[in-house]
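> First the structure, which I've put down as structure tokens, then a few questions once you've had a look.
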Amino acid sequence: MSSAATGLDINNRRMAMRVQQVGTSIFSEMSRLAAEHKAVNLSQGFPDFPTPEWLKEAAQEAIAANINQYAISHGATRLRQAIAATCEERMALTFDVEREVTVTNGATEAIYDTMLALVNPGDEVIVFEPAYDSYVPSIEIAGGIPRFVTLESPDWHFDADRLASLFNERTRAVIVNTPHNPTGKVFTEDELGLIAGLCNRYDALAITDEVYEHLVYDDNRHISLATLPGMRDRTVTINSASKTFSVTGWKIGYFMAPPDLTEAVRRVHQFVTFCCAAPFQDAVAFALETAPERGYYATLREDYTHRLNKLLRSLDEAGLHPIRPQGTFFIMSDISGLGFDNDVEFARHMTAEGGVACIPPSSFYENPAHGADLARWCFAKRDETLDAAGERLLKWAQSRQ
């Protein structure tokens, strides 16, 4: 046996069983390849343009005002008040600032905390796939069992009978991500109504990830599942400032839930991060308080619609068959027929030979074969970045003729 193999075995023995099957994120691999090949990075989902100046100034002012020590574990009062006011305006729901609103270290922490707090070993959690990559590890670390419903391209519909068949007495919760990463799907009122009806029938919880709520295009409309009949008191609604205000590095997320669920999730949160960065909390509170009067959300949608259309044209011209998203800042494309064995091979080839990095979505599926004919591209980029990607994609396409 080689020393390398022996070392690997030792490392595996030292790992707790709960993490032995957790691999390295595909985002890390593709960003590494993009840097290695000096490719235009359209893989990982973060903006390469600046955070709004007024928001950066608010953070700087908070630091100068000495808002630099521990915040309240469940979130600074000003921020929780701003979140509650925003929810009342957008969702027409009232959340108690003290007992139902909590600030977390990004939406990903909120997802993890929620799974550990509410899912018991052996409980089943229904997941729509392809799924954001933190969902399944969080469920499994909690001892839960993921059950999958597949969104079918190109319109990303799901089989209602399949969904209904998964609900049973062991179903603890369903995760609903709308607008949906990576497909760009925005769940309709009818689809959400079906999910709500099943949750009510089987006394199941709903965990919603709504971080892209402001990035919705064309005639599509974001609806929060908690607003549907019977769902206010059985839903954990998770959101974040990261995508809305282009501050992914600040890691300010939050969730709203009824008091008993909130208390459970806070018990985990206090021992995961305890609290979040105090000056950033103050700045995000300022952002939520002033965004409507600035016309910020309308401008955000206009800017992202422009970016969406730019990248969509480039992918189309390169013969990469893009599927127009209804929301988020991602485009999925159909790469079947291009001669690649799977999406991972295509993504590595495109990064090294085409000079543009994308994400292979097979890692978002229970069965990787279901994503083998797809690629995901991020358009949360400056015009210069998208133009450079478009030029490289066209050159790549021409080289294959």
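In our numbering, the protein residues as written are 7 to 407.
Yeah, the Cβ is synthetic: ideal placement off N, Cα and C, and Gly gets one too.
The structure presented is a predicted model; accordingly, all values stated were derived computationally and were not measured.
Using DSSP bridges, identify the partner residues of Y260.
DSSP, once it has assigned bridges, lists V109, N245 as partnering Y260.
> Measuring straight from C-alpha to C-alpha, what distance separates D288 and L267?
Spanning the two alpha carbons is a distance of roughly 25 Å.
> If the criterion is Cβ atoms closer than 9 Å, does the pair V109 and G149 meet it?
Contact flag unset, no.
> Going by Cα to Cα distance, which pick from A291, F286, G333, A324 is closest to E308?
That would be G333, whose Cα lies nearest to the Cα of E308.
> What do you get for N183, buried or exposed, if any count of 16 or more other CB atoms within 10 angstroms of its CB means buried?
Answer is buried; the Cβ neighbour count reaches 16.
> From this set, A137, E295, T92, which residue's C-alpha is nearest L157's C-alpha?
Taking only the C-alpha atoms, the option nearest L157 is A137.
> Can you list, in chain order, the residues of its chain whose CB lies under 7 Å from that of I73, leaving out five sequence neighbours each side?
A284, P285, D288.
> What residue ranges within the stretch 95–170 form continuous alpha helix (DSSP H) runs of no fewer than 4 residues, ordered along the chain?
Correct list: 112–124, 141–147.
> Would G377 and N187 be called neighbours here (beta carbons separated by less than 9 Å)?
Not in contact: G377 and N187 (Cβ atoms no closer than 9 Å).
> Exposed or buried, G236, counting other C-beta atoms within 10 Å across all chains shown (16 or more means buried)?
Exposed, by the Cβ-count rule.
> When DSSP labels each residue in this structure, what does A283 get in the three-state scheme?
Residue state, collapsed to three classes: coil.
> Helix, strand or coil for G360, going by three-state DSSP, please let me know.
The answer is helix: DSSP assigns G360 an H, G or I state.
> To the nearest angstrom, how far is the alpha carbon of R238 from that of V274?
C-alpha separation (whole angstroms): 22 Å.
> Is there contact between the stretch 395–403 and the stretch 307–323, where contact requires at least three CB pairs shorter than 8 Å?
Verdict: yes, contact present.
> So what does DSSP say about D340, is it helix, strand or coil?
Correct three-state label for D340: strand.
> Closest by CA to A375, which one among A64, D349, E359, L392?
Of the listed residues, the one whose Cα sits closest to A375 is D349.
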